[in-house]
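Worksheet: the structure to be examined is printed underneath.
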Amino acid sequence: MSVAPDPIEIFDRAVEEGERRLDQSMLELVATSFIAGFTVVFGIVALGIAEAFVEPRFGHGVAKLVGALAFAPALVFLVVGRTELFNENFFDPVAKAVDADDSWLVGPLVRLWTVTFALNLVGGTLFVAVLSVKGALPNGTADALVGYANDFVHRRPAAEFAKGIVGGTLVTLLSFLLEAVNSVGSRIAVSYIVGVLLTLGVFDHVIVTILHVVFGMFLGANIGLGELAVTTAVVTAGNLVGGLGLVTLTHVAQWKGARESSG
1059 MSVAPDPIEI FDRAVEEGER RLDQSMLELV ATSFIAGFTV VFGIVALGIA
1109 EAFVEPRFGH GVAKLVGALA FAPALVFLVV GRTELFNENF FDPVAKAVDA
1159 DDSWLVGPLV RLWTVTFALN LVGGTLFVAV LSVKGALPNG TADALVGYAN
1209 DFVHRRPAAE FAKGIVGGTL VTLLSFLLEA VNSVGSRIAV SYIVGVLLTL
1259 GVFDHVIVTI LHVVFGMFLG ANIGLGELAV TTAVVTAGNL VGGLGLVTLT
1309 HVAQWKGARE SSG
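In terms of the numbering used here, the sequence shown opens at residue 1059 and continues consecutively.
Now the structure itself:
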């Protein structure tokens, strides 16, 4: 029977994982970020297919639940495949930066996050373009995906920001929880649960949200680039507050407190 790690051990694991992520070559970082982008699209498509199939038969509420269950495997693929998703890579690299004695590693952190953000979108958008070809998706899927895209861009900014905070909190919390478990099965379970919660609340993770909106635009939604830019800025800000503020900094404080108690 394995024993759950304490906060200090979790943080030490995060430091090791953060070092791995920060030390990736540019080729590896580009490749893993690109892969994460198109992997997310599998979840978006599964969500659209599930809702299109279920809603006419069982109604809107059941369709939303089934859609969340259908999307969640995308996060499992990301975690098991060790790909690089923006926001999910907040906690571990910052843990490494906090642990470093001589530097805050600002350059490596900026490199990691900017490349991840950009290549997540490149990989995802290319896959969206492929799946937007007429006849590539089952009947009704396009309408469901266009509906999601319109919902995202027409929310009030305050609501979008709040959903971005929660989404950033959930996805960064996933990083912390992955260091707290000891088996692949546990990693799969935690990833799936977070994927369901993220989708069920329609909370915003900036990469997922942007790709939802881009998918809708490819499929004919009347959404302009200005609306896409505003949604991107608001959700990104929310993710940063939730991911770096609520989760990462509070767990750093937890680690410091645990060290003081044990020392």
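No residue lacks a Cβ here, since even glycine has one placed at the ideal position from N, Cα and C.
Around the beta-carbon of P1196, fewer than 16 other beta-carbon atoms lie within 10 Å, marking it exposed. Within the same chain, and ignoring the five residues on either side of A1194 in sequence, the residues whose Cβ sits closer than 8 angstroms to its Cβ are V1188. Secondary structure at V1224: helix, using DSSP grouped into helix, strand and coil. DSSP, read as helix, strand or coil, puts P1114 in helix.
With a 10 Å radius around the Cβ and a threshold of 16 neighbouring Cβ atoms, A1121 comes out buried. Non-local beta-carbon contacts of L1277 in its own chain, meaning distances under 7 angstroms to residues more than five positions away in sequence, involve S1190, A1200, L1203, V1204 in chain order.
Between F1148 and R1078, the alpha-carbon positions lie close to 13 angstroms from each other.
Looking from the CA of V1288, the closest CA among P1215, N1240, T1308, G1274 belongs to P1215. A contact between stretches requires three or more CB pairs, one per stretch, nearer than 8 angstroms, and the stretch 1243–1261 fails this requirement with the stretch 1163–1182. Within a 10 Å sphere around the beta-carbon of E1086 sit fewer than 16 other beta-carbons, which makes this residue exposed.
Across the set S1244, M1275, G1259, the C-alpha of S1244 shows the shortest separation from the C-alpha of A1062. E1146 places its beta carbon less than 8 angstroms from that of T1230.
Using a Cβ-Cβ distance cut-off of 8 angstroms, the stretch 1223–1237 and the stretch 1147–1161 are in contact, since at least three pairs of beta carbons, one from each stretch, lie closer than that value. Between the C-alpha atoms of G1139 and I1251 there is a straight-line separation of about 17 angstroms. Under the three-state reduction of DSSP, E1075 is assigned to helix. The continuous alpha helix (DSSP H) containing S1244 extends over residues 1242–1258. In the structure shown, the three-state DSSP call for I1265 is helix.
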